[in-house]
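Trainee: I'd like to ask you about the structure that follows.
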Amino acid sequence: MEITERPPNDLRHLSGPFDVVGDVHGCRVELVHLLRELGYAVTSDGAVHPDGRTAVFVGDLVDRGPDTPGVLRLVMGMVRAGTALCVRGNHDDKLARALRGRDVTVVHGLEKSLAQLAREPAGFRAEVLEFLDALVPHYVLDGGALVVAHAGLPERYHGVESSRARALAVWGQSTGEVDARGFPVRHPWFEEYSGAATVLYGHTPVEEPVWVNGTLCLDTGCAFGGSLTAVRWPERELVSVPARRVWYPR
Numbered sequence: 001m002e003i004t005e006r007p008p009n010d011l012r013h014l015s016g017p018f019d020v021v022g023d024v025h026g027c028r029v030e031l032v033h034l035l036r037e038l039g040y041a042v043t044s045d046g047a048v049h050p051d052g053r054t055a056v057f058v059g060d061l062v063d064r065g066p067d068t069p070g071v072l073r074l075v076m077g078m079v080r081a082g083t084a085l086c087v088r089g090n091h092d093d094k095l096a097r098a099l100r101g102r103d104v105t106v107v108h109g110l111e112k113s114l115a116q117l118a119r120e121p122a123g124f125r126a127e128v129l130e131f132l133d134a135l136v137p138h139y140v141l142d143g144g145a146l147v148v149a150h151a152g153l154p155e156r157y158h159g160v161e162s163s164r165a166r167a168l169a170v171w172g173q174s175t176g177e178v179d180a181r182g183f184p185v186r187h188p189w190f191e192e193y194s195g196a197a198t199v200l201y202g203h204t205p206v207e208e209p210v211w212v213n214g215t216l217c218l219d220t221g222c223a224f225g226g227s228l229t230a231v232r233w234p235e236r237e238l239v240s241v242p243a244r245r246v247w248y249p250r
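Using full-length UniProt numbering, you'd call the opening residue of the sequence shown number 1 and step up by one each time.
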């Protein structure tokens, strides 16, 4: 009998329940607040839900906020203990390249992460790089009913391991234009989505999460002074906590 190894992004055998958390961006205090609102018992390097729920982070743990090391320490501990999953965001991807000494443009809050991590022991920075390198671009969960990808993902790429699937999941698709602040204008893939799976994602900040064609953006701009948002799955119940302040002006 031939045994087929499951791809790293195929976790459809895990049915949850899950708490899917939007872009944290270095906002540890708000993350702790949100996890406690969701019912988790939180320590400095981990969190456990009494009902065995699993947190799933949509990526962009880092940059902009005041405590990227604290966020990483907490989420890394949860992933290590099996109480959380995390996909790779574009900010996580860029920080990993910077930590490897690659030539990257230090903008959009990366300067904060690098300065904060420079004050940490070298061993911790090595652990961070190992963690970031291991993050997958997207997960297929709950029998294929749920897909989590940082920038969202069209149905034809669900469960696919390819450079195109990775780029779309981590960075999204740009229209080629930029907005007034110099950010790329993202192609609204969700307006055309008609897939069977629910897709939960972040990447582009919204004031309030709105369901569109079975997709939901959970990036509510915490570092910009908005809020940090999660959705309970399969309940589809939104839970949000306000940012303590504007940590990074738009």
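Just so you know, even glycine gets a beta-carbon here, dropped at the ideal spot from N, CA and C.
1) In chain order, what are the residue ranges of uninterrupted beta strand (DSSP E) at least 3 long that sit wholly in the stretch 134-195?
2) Confirm, please, whether the CB-CB distance from V32 to V58 is below 9 Å.
3) What would DSSP say about P17, mapped onto helix, strand or coil?
4) Please look up how many angstroms separate the CB atoms of P234 and Y193, rounded, as I've assumed it's under 8 Å.
5) Would you kindly report the start and end of the unbroken alpha helix (DSSP H) that includes G46?
6) Going by the CB atoms, is the gap between L34 and V206 shorter than 9 Å?
7) Can you tell me whether R245 is buried or exposed? The criterion is at least 16 other CB atoms within 10 Å of its CB, across all chains shown.
8) Who are P242's beta bridge partners in DSSP?
9) Could you give the DSSP three-state label for D67: helix, strand or coil?
10) For E120, collect the residues of the same chain with a Cβ closer than 7 Å to its Cβ; drop the 5 residues on either side in sequence, then sort them by chain order.
11) If you reduce the DSSP assignment to three classes, tell me which class L61 lands in.
12) Going straight from the alpha carbon of T220 to that of E208, what length do you get?
Mentor: Straight from the coordinates:
1) Counting whole runs of 3 or more residues, the stretch 134-195 contains the beta strand (DSSP E) stretches 138-141, 146-149, 174-178, 184-186.
2) Mapped onto the sequence shown, residue 58 falls at position 58. Mapped onto the sequence shown, residue 32 falls at position 32. No, they are not a contact pair.
3) Within the sequence shown, residue 17 is the residue found at index 17, counting from 1. It is coil, neither helix nor strand.
4) In the sequence shown, the residue the question calls residue 234 occupies position 234. In the sequence shown, the residue the question calls residue 193 occupies position 193. With 8 Å as the limit, P234 and Y193 do not qualify as a contact, their Cβ atoms being about 19 Å apart.
5) Taking the first residue of the sequence shown as position 1, residue 46 is located at position 46. Careful: G46 lies outside any alpha helix (DSSP H), inside the beta strand (DSSP E) at 46-48.
6) Within the sequence shown, residue 206 is the residue found at index 206, counting from 1. Within the sequence shown, residue 34 is the residue found at index 34, counting from 1. No, Cβ-Cβ distance for V206 and L34 is not below 9 Å.
7) Your numbering for residue 245 matches position 245 in the sequence shown. Its Cβ having fewer than 16 others within 10 Å, R245 is exposed.
8) If you number the sequence shown from 1, residue 242 lands on position 242. In DSSP, P242 forms a bridge with S227.
9) Position 67 of the sequence shown, counting from 1, holds the residue named residue 67. Coil at D67, not helix or strand.
10) Position 120 of the sequence shown, counted from the start, is the residue given in the question as residue 120. Hits under 7 Å: P69.
11) Sequence index remark: in the sequence shown, residue 61 carries index 61 (1-based). Coil.
12) As a position in the sequence shown, residue 220 is number 220, starting the count at 1. As a position in the sequence shown, residue 208 is number 208, starting the count at 1. Cα to Cα, the separation comes out at about 6 Å.
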